[in-house]
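Visitor: Here it is: the structure, laid out below.
In my numbering, the protein residues as written are -15 to 141.
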């Protein structure tokens, strides 16, 4: 009497195999893209909060008006602010509607002054601003940069 070995594939063994295969496939696709454009540290495009020109809009609806100076120590770039917020030392974060802002050109060695105005602010205390922007250099490489700034006592606008 001869015995024949049978291979049985269960649903569970298939699912285990798929669970291990899926991350491997994802990694294989994602790794080359990350390896092709490592972030530049420090990035050539930076922002500085100009506290002498920034102010608090008072009377009616209270808002922050922040003035940033962007500088570029690299090649020509396109810059787009993607988010700005101020968190007062007491109170809730105040956001800035920057999603519809158009990108601006920042030539190599150049600077650009840009003003952003917040949504309504219930609390106008000193605090911290966080700005995130993206820049695309002449070769098409895009890098996101997040910077934090102290927001001192700003004068009224």
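We put the CB at the ideal spot given by N, CA and C, even for glycine.
1. Thinking just about the alpha-carbon of each residue, which of 65, 60 and 26 is nearest to the one in residue 94?
2. By how many angstroms is the C-alpha of residue 118 removed from the C-alpha of residue 127?
3. Quick one: using the 10 Å Cβ neighbour count with 16 as the cut-off for buried, is residue 104 buried or exposed?
4. Going by C-alpha to C-alpha distance, which of 73, 53, 77 and 74 sits closest to residue 88?
5. On the premise that residue 102 lies in contact with residue 70, defined as a C-beta separation below 8 Å, what is that separation, rounded to the nearest angstrom?
6. Between 86, 33 and 92, which has its C-alpha nearest residue 142's C-alpha?
7. Taking all protein chains shown into account, do 16 or more other C-beta atoms lie within 10 angstroms of the C-beta of residue 43, making it buried, or fewer, making it exposed?
Guide: So, from the listed chains and residues:
1. The sequence position of residue 94 within the chain shown is 110, counting from 1. Ranking 65, 60 and 26 by Cα distance to residue 94 puts 60 first.
2. As a position in the chain shown, residue 127 is number 143, starting the count at 1. As a position in the chain shown, residue 118 is number 134, starting the count at 1. Between residue 127 and residue 118, the C-alpha separation is close to 6 Å.
3. Taking the chain shown and counting its residues from 1, one reaches residue 104 at position 120. The residue is exposed, with fewer than 16 neighbouring Cβ atoms inside 10 Å.
4. To locate residue 88, count along the chain shown from 1; it is residue 104. Out of 73, 53, 77 and 74, 53 has the C-alpha closest to the C-alpha of residue 88.
5. Taking the chain shown and counting its residues from 1, the one referred to as residue 70 is at position 86. Taking the chain shown and counting its residues from 1, the one referred to as residue 102 is at position 118. Between residue 102 and residue 70 the Cβ distance is about 7 Å, and since that is below 8 Å, they are a contact.
6. Not covered by the structure: residue 142. The range shown for the chain is -15 to 141.
7. In the chain shown, residue 43 corresponds to position 59, counting from 1. Per the 10 Å Cβ criterion, exposed.
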